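Enquirer: Taking my numbering, the leading residue of the sequence shown gets 546, the next gets one more, and so forth.
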Amino acid sequence: MNSTPPNETVNGRTQTLANSINRAAAGFNNHWLAVINILVATYILLPLLAPTLMKTGLETPARVIYTMYSPMCHQMASRSFFLFGEQPVYPRELAGTNYTPLEAYTPDLPEFADAPPENWARFFLAARRFVGNEQMGYKTALCERDLAIYGFVLAGGLVYALLRKRYRIRPLPIILFIIIGMGPIALDGFSQLFGYYAVPLDGSAPQGFQATIAAIFPLRESPPSLRILTGALFGFMLAWLIFPHIEAGMQPNKKVRK
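1. Alpha carbon to alpha carbon, how far is residue 682 from residue 629?
2. Compare the Cα-Cα distances from residue 618 to each of 684, 641 and 677 and report the closest residue.
3. Between which two residues does the beta strand (DSSP E) harbouring residue 687 extend?
4. Which of the three DSSP states is assigned to residue 678 in this structure?
5. Which residue spans inside the region 734 to 772 form an unbroken alpha helix (DSSP H) run of at least 4?
6. Should the region 710 to 729 be called in touch with the region 684 to 695, which here means at least 3 C-beta pairs below 8 Å?
7. Indicate whether residue 714 and residue 782 have their beta-carbon atoms separated by less than 9 Å.
8. Using the Cα positions of residue 559 and residue 603, report the straight-line distance between them to the nearest angstrom.
9. Where does the unbroken beta strand (DSSP E) through residue 623 begin, and where does it stop?
10. Counting only the same chain and skipping the five closest in sequence on each side, list residues whose C-beta sits under 8 Å from that of residue 739.
11. How would you label residue 615, buried or exposed, when you count the other beta carbons within 10 angstroms and need 16 or more for buried?
12. Which value, in whole angstroms, describes the spacing of the CA atoms of residue 592 and residue 611?
13. Along the alpha helix (DSSP H) that carries residue 608, what are the first and last residues, could you check?
14. Suppose you measure from the CA of residue 786 to the CA of residue 780; what does that come to, to the nearest Å?
15. Thinking just about the alpha-carbon of each residue, which of 775, 744 and 566 is nearest to the one in residue 664?
16. Less than 8 Å between the CB atoms is what I'm expecting for residue 581 and residue 702, so what's the real figure, rounded?
17. Grab me the residues of residue 690's own chain with a C-beta within less than 6 Å of its C-beta, minus the 5 sequence neighbours each way, in chain order.
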């Protein structure tokens, strides 16, 4: 009786595995942009699915999504979109918008029972825990700025998919990415952050070093429009920066002009 030598069997399986890996790599090389766009779209849609599930009574899968995204986002109610409620957003009163501020609702919300607005740390933690209710609707699992970032990365990917076959698109110069993409979001985010850090948790007036910080960075809260704008700029500029470089990496013979 003839039998296949063990080494030949192993070599045959190894070759089959290698061929499968090569085909997968070639497929990704040809369709990398579609893969990235699909992944980003999925990453965006799941946070929108969470409030939809809450509205339909499917709380367990909704909370799984909130938990999944929790390490990636602060998820504060005052800085998130809401679906199926009275308003699309509930910014803090400090933001100075025409929306009814979150503070108008918190006296009736159990999550804020021990979180007065003056104690910003407790208030932020309560805003993170609060998912929503029938009156206010339910928040998305990513905040306004994060959804704008990923949404405009996707928009940039779709625009790049339409234009790359007709034009050779140069990557955005890094200096422009720093100025246009990173500058506004960093200025908005850090000035707001330092402004809160300068406020004592008991609501008293800042003293000493905190008073110095408060003089440089007055307490402020960004309105939703500014969060969306800075996130959109960062996301679109990021797509413009990285996609042409990925294209060049996937096609070594096609050099990116700088």
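All C-beta atoms, glycine included, are put in the ideal place defined by N, C-alpha and C. Computed from a predicted model, the values in this text were never measured in an experiment.
Expert: Taking the geometry as given:
1. Start at 1 with the first residue of the sequence shown, and residue 682 comes out as number 137. Start at 1 with the first residue of the sequence shown, and residue 629 comes out as number 84. Taking the straight line joining both Cα atoms gives about 5 Å.
2. The residue you call residue 618 lines up with position 73 of the sequence shown. When each option's Cα is compared against that of residue 618, the closest is 684.
3. Taking the sequence shown and counting its residues from 1, the one referred to as residue 687 is at position 142. Its beta strand (DSSP E) spans residues 682 to 688.
4. Indexing the sequence shown from 1 puts residue 678 at position 133. Strand, per DSSP.
5. 754 to 761
6. no
7. For the purposes of this step, residue 714 is taken as the residue at position 169 of the sequence shown. For the purposes of this step, residue 782 is taken as the residue at position 237 of the sequence shown. No.
8. For the purposes of this step, residue 559 is identified with residue 14 of the sequence shown, where counting begins at 1. For the purposes of this step, residue 603 is identified with residue 58 of the sequence shown, where counting begins at 1. Cα-Cα distance, rounded: 46 Å.
9. As a first step, residue 623 must be located in the sequence shown, where it is residue number 78. Here residue 623 belongs to no beta strand (DSSP E), and DSSP marks it neither H nor E.
10. By 1-based counting over the sequence shown, the position of residue 739 is 194. Answer for residue 739: 758, 761 and 762, listed in chain order.
11. Looking up residue 615 in the sequence shown gives position 70. The residue is exposed, with fewer than 16 neighbouring Cβ atoms inside 10 Å.
12. Locating residue 592 in the sequence shown gives position 47, counting from the first residue. Locating residue 611 in the sequence shown gives position 66, counting from the first residue. When rounded, the distance between both Cα atoms is 7 Å.
13. As a first step, residue 608 is located in the sequence shown; it is residue number 63 there, counting from the start. Run containing residue 608: 604 to 614, per the alpha helix (DSSP H) assignment.
14. Here residue 786 corresponds to residue number 241 of the sequence shown, with the count starting at 1. Here residue 780 corresponds to residue number 235 of the sequence shown, with the count starting at 1. Distance between the alpha carbons of residue 786 and residue 780: 10 Å.
15. As a first step, residue 664 is located in the sequence shown; it is residue number 119 there, counting from the start. Ranking 775, 744 and 566 by Cα distance to residue 664 puts 744 first.
16. Mapped onto the sequence shown, residue 581 falls at position 36. Mapped onto the sequence shown, residue 702 falls at position 157. About 6 Å; that satisfies the 8 Å criterion.
17. As a working mapping, residue 690 is identified with position 145 in the sequence shown. 772 and 776.
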